[in-house]
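Line by line, the protein sequences are chains A and C.
Residue 188 in numbering that gives the first Met the number 0 sits at position 189 of the first sequence; the count goes up by one each step and never skips.
Residue 155 in numbering that gives the first Met the number 0 sits at position 156 of the second sequence; the count goes up by one each step and never skips.
By construction, the Cβ of each residue, glycine as well, lies at the ideal position given by its N, Cα and C atoms.
In what follows, a structure is listed as structure tokens, so that the remarks can point back to it.
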Amino acid sequence: MKQFIKLTTMAAIAIGLVSVTQVQTATAETLRVGMECTYAPFNFKTAEGNLDGYDVDVAKGVAKILGAELKFVCQKWDGMIPALLANKFDLVIASMSITDSRLEKMDFSAPYRISVGRLVGKKDMGIKLFDDGGKPMADNFEGLKIGVGRATTYAKWFEAKLPGAKVVYYDSSEAMYLDLTNGRTDMIMTNPMKAFLKFLSKEDGAGYEFVSPQIDETKFFGIGVGIGLRKGNDELKKRLDTAVLELTKNGSLKTYALKYFPFAIHNEGWEG
Amino acid sequence: MIDFQLIADSIPKMLVGIGLTLELMLVSAVLGTILAVILLLMRISGRRYLSWPALTYIYIFRGTPILVQIFIIYYGLPQLDFVRESIFWPILREPYGCAVLALALNNGAYMSEIFRGGVLGVDKGLGEAASALGLSIRQRFMYITTPIAVRLAIPAYSNDIVSLMKSTALASTITLLDMMGIARTIVAETFAPYEVFISLAVIYIIMTFFIQKGFGYFERYMSRYLKRDA
């Protein structure tokens, strides 16, 4: 009898072990995600030591759709791509812009954040600068003083699209905001997220607002920020693209963005 | 390896700004010289309530970096509401106005010291001789002291103008697109500081050469009363 009990418990344990291993193989996919962990509000550690931010939310959302486990790896920016290529992690979800030179070394999913420019000016300026289709009205820009960063894509955009405006170049964004509030420039053009975090949400920016729609010409501003992965993983890339599309369509990306900004920071109209 | 194509491309672009560089130099030289003469007269007036303010002014403007002065005028003054509401705001609003003001105020202090050196260098005996001939103090200053003082001051004055010309490059820090401002934009676009800044340095050297040549002629003209050896 004793013998029998022993045998049955052993069998039960054995079966239990087998079933545990089986369950594990069924959901074994663990995606290791590289990010800086210091780039608020996109990926950063909270006071409690938890990772938070837009990139982190995107990673969690994608993992949920893919049915994968997540493991975050904190990696300094300059070693991000080498670490990805050396298989230290599988994905880069670190606000990394999709550029031609990066595409030579790695792949990217569809963008989960777009690169745009946006104009900031005084509230109630009373000038109609953009038509209803969102196109700039060149005549109304005539003689306006616009502050932009020296040699930035925004400067290039103005030179190409609105040569009638008087563009003033700045080496620091602080000086650019200062001259806007001092009335030396009528408007500035910059990244709307930076404008919000550094200026509009602060006391100095109280009397100012966005005076243009988001301008998203990829020829000037690039495609945006995508999930980076090693080349040769077309299957994974396809699944990531689908996941980003789903997060776009079900409004998750917008929810993630609204935690930190009063506006969405992805391509809301994307249909796949 | 030096990119000669880049040099050839960027020199014409930088020369677009030579007009602004020269204008900054000339306008602030004229205003600075006027200021310098006023400061000089205050200093040598022999009246304390005139000489002390002049001395303090010179001390402050020679004792601080011109970049600091530019930043105080450009970024500092608009922080004061009454400045933005004053009649001077149309000038101070423009980076050009701020640059000219800073360069003129700074150089006025240096130039007045140069002029003082010239006045003090005039031989006392000449004044006494003029006085013996019955010239008034005013006449003595106008017809005896000034021409000689000017000639004595020319070498130092030309040095100061050259240094003023180079100081105009600082105007690029307050968004002006003089030659330096254009050069910095090209560098920001091409990441080639070596080629661009060396080309710019050559342009400044050529300008310095012409300024010195010009003052050389002027000095010879003003020295024509002196007997020339050989």
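Exposure of residue i, with buried meaning 16 or more beta-carbon neighbours within 10 Å
i, result
"THR20(A)", "Here THR20(A) scores only 47 on pLDDT, less than 50, and its place in the model should not be relied on; the value that follows carries that caveat. That one is exposed."
"VAL22(A)", "Confidence at VAL22(A) is low in this model, with a pLDDT of 46, below 50, so the placement of that residue is unreliable and no value is reported for it."
"GLY132(A)", "exposed"
"PRO94(C)", "buried"
"ARG150(C)", "buried"
"TRP156(A)", "buried"
"ASP178(A)", "buried"
"GLN68(C)", "buried"
"PHE42(A)", "According to the sequence provided, residue 42(A) is Asn. The question's Phe does not apply to it. Buried, by the Cβ-count rule."
"ARG63(C)", "Here residue 63(C) is Thr; the residue named in the question, Arg, does not match the sequence. Exposed is the call here."
"THR254(A)", "exposed"
"ASN49(A)", "exposed"
"TYR73(C)", "buried"
"LYS236(A)", "buried"
"PRO135(A)", "buried"
"MET79(A)", "buried"
"LEU79(C)", "exposed"
"ASP77(A)", "exposed"
"GLU173(A)", "exposed"
"ALA194(A)", "buried"
"GLU35(A)", "buried"
"ARG117(A)", "buried"
"ALA128(C)", "exposed"
"ALA252(A)", "A small correction: the amino acid at residue 252(A) is Leu; Ala does not occupy that position in the sequence shown. The residue in question, LEU252(A), is buried, as its Cβ has 16 or more Cβ neighbours within 10 Å."
"GLU270(A)", "exposed"
"VAL201(C)", "exposed"
"SER85(C)", "exposed"
"ALA229(C)", "Note that ALA229(C) has pLDDT 48, beneath the 50 cutoff, so the model's placement of it is unreliable and no number is given."
"PHE88(A)", "buried"
"LEU14(C)", "exposed"
"ARG61(C)", "exposed"
"GLU103(A)", "exposed"
"THR24(A)", "At THR24(A) the pLDDT is 46, less than 50, meaning the model places this residue with poor confidence and gives no usable figure here."
"THR184(A)", "buried"
"ASP138(A)", "exposed"
"SER162(C)", "exposed"
Residue i - partner residues in DSSP beta bridges
i, result
"ARG31(A)", "LYS70(A)"
"ASP106(A)", "LEU228(A)"
"PRO77(C)", "DSSP lists no partner for PRO77(C)."
"ILE10(C)", "Answer by DSSP bridge pairing: none, since ILE10(C) is not bridged."
"GLU208(A)", "GLY120(A)"
"SER96(A)", "VAL224(A)"
"LEU50(A)", "LYS44(A)"
"TYR220(C)", "None; TYR220(C) has no bridge partner."
"GLY146(A)", "VAL167(A), ILE187(A)"
"THR207(C)", "Its beta-bridge partners do not exist; DSSP assigns none."
"THR37(A)", "PHE43(A)"
"ILE214(A)", "GLY116(A)"
"PRO272(A)", "Outside the modelled stretch of chain A, which goes from 0 to 271, sits residue 272(A), for which no answer is possible."
"VAL91(A)", "GLY33(A), GLY227(A)"
Near the ligand HEM: residue i beta-carbon under 6 Å from a heavy atom
i, result
"ARG183(C)", "Looking for the ligand HEM in the displayed structure turns up nothing, as the structure carries no ligands at all."
Amino acids of chain A, ordered along the chain, whose beta-carbon sits closer than 7 Å to that of residue i
i, result
"THR174(C)", "VAL167, TYR168, TYR169"
"PRO77(C)", "ASN181"
"ARG92(C)", "GLY182, ARG183"
Within chain A, partners of residue i - CB distance below 8 Å
i, result
"ARG46(C)", "Simply none; closest approach about 40 Å."
Review point. Counting pairs of beta carbons, one from the segment 104-120 of chain C and one from the segment 21-31 of chain C, are three or more of them closer than 8 Å?
Key: yes
**Study point:** Near-chain C residues of the segment 137-163 of chain A - C-beta to any C-beta below 7 Å
**Key:** ARG149, ALA150
Review point. Counting pairs of Cβ atoms below 8 Å between the segment 174-188 of chain C and the segment 5-25 of chain C, do you hit three or more?
Key: Taking 8 Å as the limit for Cβ pairs, the verdict is that the segment 5-25 of chain C does touch the segment 174-188 of chain C.
Review point. For the 8 Å Cβ check, are there 3 or more pairs between the segment 242-261 of chain A and the segment 42-61 of chain A?
Key: yes
Point to revise | Where the segment 171-201 of chain A meets chain C: residues whose CB sits under 8 Å from a CB there | key: ALA174, LEU177, ASP178, ASN181, GLY182, ARG183
**Study point:** Under 8 Å (Cβ pairs) to chain A, residues found in the segment 178-198 of chain C
**Key:** GLY180, ARG183, THR184, ALA187, GLU188
Practice item. Kindly confirm or deny that the segment 113-129 of chain C and the segment 32-41 of chain C touch, where touching means at least three C-beta pairs closer than 8 Å. Key: yes
Review point. Does the segment 43-55 of chain C come within contact of the segment 209-216 of chain C, defined as at least 3 CB pairs closer than 8 Å?
Key: no
**Study point:** Residues, ordered as in the chain, of the segment 216-227 of chain C that lie near chain A by beta-carbon distance below 8 Å
**Key:** none
Practice item. Using a Cβ-Cβ cut-off of less than 7 Å, give me the residues of the segment 57-81 of chain C that come near chain A, in sequence order. Key: TYR74, PRO77
Review point. If you pair each beta-carbon of the segment 231-240 of chain A with each one of the segment 197-207 of chain A, do three or more pairs fall below 8 Å?
Key: Output reads no: the segment 197-207 of chain A does not touch the segment 231-240 of chain A.
Check your understanding: Is there contact between the segment 171-178 of chain C and the segment 257-268 of chain A, where contact requires at least three CB pairs shorter than 8 Å?
Key -> no
Point to revise | Stretch-stretch touch, CB-based, cutoff 8 Å, three pairs: the segment 93-112 of chain A with the segment 212-222 of chain A | key: yes
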